[in-house]
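Okay, structure first, notes after.
Residue numbers (our numbering): 78 to 304.
Take a look at the structure:
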């Protein structure tokens, strides 16, 4: 059972009264995945519209984190409903426009644990659609990660493909249940099943991959604790 771990193409023309001026693609509004995906911050999948019911999703959850000092190395932490799986992988970033310096696309390769090989980029990249500082990101998933029953229920023949997304949230924001409304609003308005999405149950990932944070939350120390 695959839990979905993780393209908005904005184009336009710059008008000019001079007929000899070449029309250019507007790429300034493309988000930069490499800049938005902060190293050392652990992000968890919060919302997803790939699996349309909680029965299918169960208690699966996924955390990802870019490493330091090798920021092109990815740590993947996955609870598959029965056990913890931890792996590393390689990252690469690129732009959907050759003329843009903004790298809105991400590729995952060389996943060490083959049980998570389904996260590797096989064709379409992961595409960053929206980011709110270090708090959250909305990412369009490669189409091969989307179940056929979801696609058939959402799309009509000869219509443009829908965007299937996950909302990634910094783990401390997830635990605190802090405000992520900017990402929720974007997700709701721009991804496939508008107004119909499931929230991932991250309790298993909290206990498995953030044990120190869970202990610290319940710990009441006097000053002597830090001496």
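We put the beta carbon where it would ideally sit given N, CA and C, even for glycine.
When you compare only the Cα positions, how much space is there between residue i and residue j?
i: residue 188; j: residue 225; result: 24 Å
i: residue 140; j: residue 122; result: 7 Å
i: residue 209; j: residue 108; result: 10 Å
i: residue 99; j: residue 176; result: Note that residue 99 has pLDDT 37, beneath the 50 cutoff, so the model's placement of it is unreliable and the number below is only indicative. So the alpha carbons of these two residues sit roughly 14 Å apart.
i: residue 136; j: residue 233; result: 31 Å
i: residue 103; j: residue 172; result: Any reading at residue 103 must be qualified, since the residue scores a pLDDT of 43, below 50, and its modelled position is unreliable; no value is offered.
i: residue 117; j: residue 166; result: 15 Å
i: residue 148; j: residue 281; result: 26 Å
i: residue 256; j: residue 240; result: 24 Å
i: residue 250; j: residue 229; result: 34 Å
i: residue 244; j: residue 144; result: 20 Å
i: residue 178; j: residue 113; result: 14 Å
Write down the C-beta distance between residue i and residue j rounded to the nearest angstrom, noting that I regard them as a contact closer than 8 Å.
i: residue 181; j: residue 205; result: 5 Å
i: residue 219; j: residue 201; result: 4 Å
i: residue 115; j: residue 248; result: Their Cβ separation, rounded to whole angstroms, is 12 Å, which puts residue 115 and residue 248 out of contact at 8 Å.
Where do the N-terminal and C-terminal ends of the alpha helix (DSSP H) with residue i fall, by residue?
i: residue 206; result: Per DSSP, residue 206 belongs to no alpha helix (DSSP H); it is in the beta strand (DSSP E), 203 to 209.
Output yes or no for whether 8 Å exceeds the beta carbon distance between residue i and residue j.
i: residue 268; j: residue 246; result: no
i: residue 111; j: residue 155; result: no
i: residue 193; j: residue 162; result: yes
i: residue 217; j: residue 242; result: yes
i: residue 138; j: residue 254; result: no
i: residue 168; j: residue 153; result: no
i: residue 305; j: residue 263; result: The question about residue 305 has no answer, for the chain in this structure spans 78 to 304.
i: residue 127; j: residue 198; result: no
Ranges of the alpha helix (DSSP H) found wholly within the segment 165 to 191, counting only runs of at least 4:
none
Completely contained beta strand (DSSP E) runs for the segment 205 to 279, where each covers 3 or more residues:
213 to 217, 242 to 247
Ordered list of beta strand (DSSP E) runs contained in the segment 106 to 149, each at least 3 residues:
120 to 125, 138 to 143
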